[in-house]
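See structure below.
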Amino acid sequence: MTVPVHIAVFAKAPVAGAAKTRLIPLLGEQGAADAQRAMTLRTLRTAQAAAPGQVSLWTAGDHAHSFFSECVQRFAVACHPQPERDLGARMADCLRTQLRSNEAVLLIGTDCPVRSVDDLRTAACALRAGAQMVFTPAQDGGYVLVGAQAHGGDLTAGFEQAFTGIAWSTAQVMAQTRARLAAIGWHCGREWCELPMLWDVDTPADYVRAQQAALL
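The sequence shown begins at 0 in numbering that gives the first Met the number 0 and counts up one residue at a time.
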């Protein structure tokens, strides 16, 4: 079963020395880049299984990298460069762009190989059930999915709170997001929904965990 939704995937170019730098002590520069490549491919396969023909790739780093061309050909995805802004602004831009032509959009990165097709479908169902936004928190304090739907209210306030004034790349991201949404009267379970926590791959220990789980 598929649920009508568009899935946007944020991905960095697998450039040795620039990709997954926290994994370099374990894997070396090329090994870390290869890990980035593998996680991107896994993410795109999962997204396509959840929303066939409704996936886009949003690139960072070397937008002209041959790997992105490979992804476009292999998965038949539209490819867009992320703007050169902070993460919150890039996410807001992506969601607004996709919501112009889609009723619901999920935005995911590539660092969460444990995320399943069912996880994506659950997020899409939360939006169809009436939530304006949906988040999947990560064990490290951030989140590995954010989604929004185009109907039922004005997303301007929600986007303003969710994507600005956040200390990105820290353990406080999800906590700050909850607090900022609460400050405008958005209640979890009503205006927005929080799904069960997942874990992502940032550190060597995370990578080993993913390998042991046969995710990489």
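Quick reminder that beta carbons are idealized off the backbone N, C-alpha and C, glycines included.
Everything numeric in this text was worked out from a predicted model, so none of it was measured.
Cβ-Cβ distance between residue i and residue j below 8 angstroms
i          : j            : result
serine 55  : glutamine 81 : no
alanine 18 : alanine 37   : no
lysine 11  : alanine 88   : no
valine 116 : leucine 197  : no
For residue i, the first and last residue of its enclosing beta strand (DSSP E)
i            : result
proline 80   : 77-80
alanine 7    : 5-11
proline 136  : 132-136
leucine 214  : Here leucine 214 belongs to no beta strand (DSSP E), and DSSP marks it neither H nor E.
threonine 58 : 54-59
Burial state of residue i, where buried means 16 or more other Cβ atoms lie within 10 Å
i             : result
alanine 181   : exposed
arginine 84   : exposed
valine 145    : buried
glutamine 160 : buried
proline 13    : buried
valine 172    : buried
First through last residue of the alpha helix (DSSP H) which encompasses residue i
i             : result
threonine 109 : Taken as a continuous stretch (DSSP letters only), threonine 109 belongs to no alpha helix (DSSP H), as it is neither H nor E.
leucine 94    : 86-98
Cα-Cα separation, residue i to residue j
i              : j            : result
leucine 119    : valine 4     : 9 angstroms
asparagine 101 : alanine 7    : 11 angstroms
alanine 170    : alanine 75   : 35 angstroms
isoleucine 183 : arginine 73  : 43 angstroms
glutamine 35   : alanine 77   : 20 angstroms
alanine 103    : valine 200   : 27 angstroms
glutamate 28   : aspartate 61 : 16 angstroms
Short CB-CB distance (under 8 angstroms) between residue i and chain D
i            : result
cysteine 111 : Absent from the structure is chain D; it holds one protein chain and no more.
**Touch test, the segment 37-46 against the segment 107-115, Cβ-Cβ under 8 angstroms, three pairs minimum** = yes
**Touch test, the segment 110-128 against the segment 136-146, Cβ-Cβ under 8 angstroms, three pairs minimum** = yes
**Request:** Check whether the segment 120-130 touches the segment 175-194, counting contact only when three or more Cβ pairs, one atom from each stretch, lie closer than 8 angstroms.
**Result:** yes
**Request:** Kindly confirm or deny that the segment 17-26 and the segment 63-78 touch, where touching means at least three C-beta pairs closer than 8 angstroms.
**Result:** no
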